[in-house]
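Numbering (my numbering), first residue to last: 12 to 239. Notes to accompany the following structure.
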């Protein structure tokens, strides 16, 4: 079952992105996009990106080099959108607390700089995987982005916990979803680029399944009214 082009493989690649498009439609219909415009852009872009990669993967006319170039382009744009969503979440968390807003942004920004430097320092020590530079570089790029993003979302949770800043339901739900996905993806990419996992095929299933659960969690936090 845990093989490329199996039924589960097709489902886990298609279903989360189809659900993301449906969620984006509900967000637009309910006017939530006014509060989270970058999150809406992220949902739309990632769904279209993944559908494009899915079609390219199935097409026999597309070479592996073309697929990995498309992966590079999508990963870079997706990474920029994720940082924009992080800024959006931090704004919603701190906008009612002007006394700690500036300090909080400075702390998170400082953490971001340190994480980027840490990721850049770790990247050269990644185990060689005997793949073309385009593929190996994509693995290192993904690991670097997930290390930075996971560190930033954890920093935001630590900031909220230290100053006892309450979360609103939607912001908390989006942050939790991203936090789980990014930490899981970081752990998997670390295993892959660290040379601990080779040619097992389960890492794609783990990443896609976690993304699926994340989208379902967003449906719950954004669309289901909380009980009083």
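We put the beta carbon where it would ideally sit given N, CA and C, even for glycine.
For residue i versus residue j, is the C-beta distance shorter than 8 Å?
| i | j | result |
| --- | --- | --- |
| residue 219 | residue 27 | yes |
| residue 157 | residue 200 | yes |
| residue 56 | residue 104 | no |
| residue 90 | residue 122 | no |
| residue 186 | residue 164 | yes |
| residue 2 | residue 35 | Nothing about residue 2 can be reported from this structure: the residues present for the chain run from 12 to 239 only. |
Can you check which of these residues, the options, is closest to residue i by C-alpha distance?
| i | options | result |
| --- | --- | --- |
| residue 180 | 41, 232 and 21 | 232 |
| residue 20 | 65, 54, 192 and 125 | 65 |
| residue 109 | 159, 228 and 174 | 174 |
| residue 167 | 184, 217, 100 and 39 | 100 |
| residue 80 | 202, 148 and 197 | 148 |
| residue 29 | 171, 59 and 188 | 59 |
| residue 144 | 83, 116 and 230 | 83 |
Throw me the rounded Cβ distance for the residue i and residue j pair, which I believe falls under 8 Å.
| i | j | result |
| --- | --- | --- |
| residue 119 | residue 50 | No, residue 119 and residue 50 are not in contact; Cβ-Cβ is about 17 Å, not under 8 Å. |
| residue 86 | residue 153 | 6 Å |
In terms of residue numbering, what span does the alpha helix (DSSP H) encompassing residue i cover?
| i | result |
| --- | --- |
| residue 149 | 144-173 |
| residue 179 | Where residue 179 is concerned, there is no enclosing alpha helix (DSSP H), given that its DSSP letter is neither H nor E. |
| residue 93 | 75-105 |
| residue 39 | 18-40 |
| residue 61 | 48-69 |
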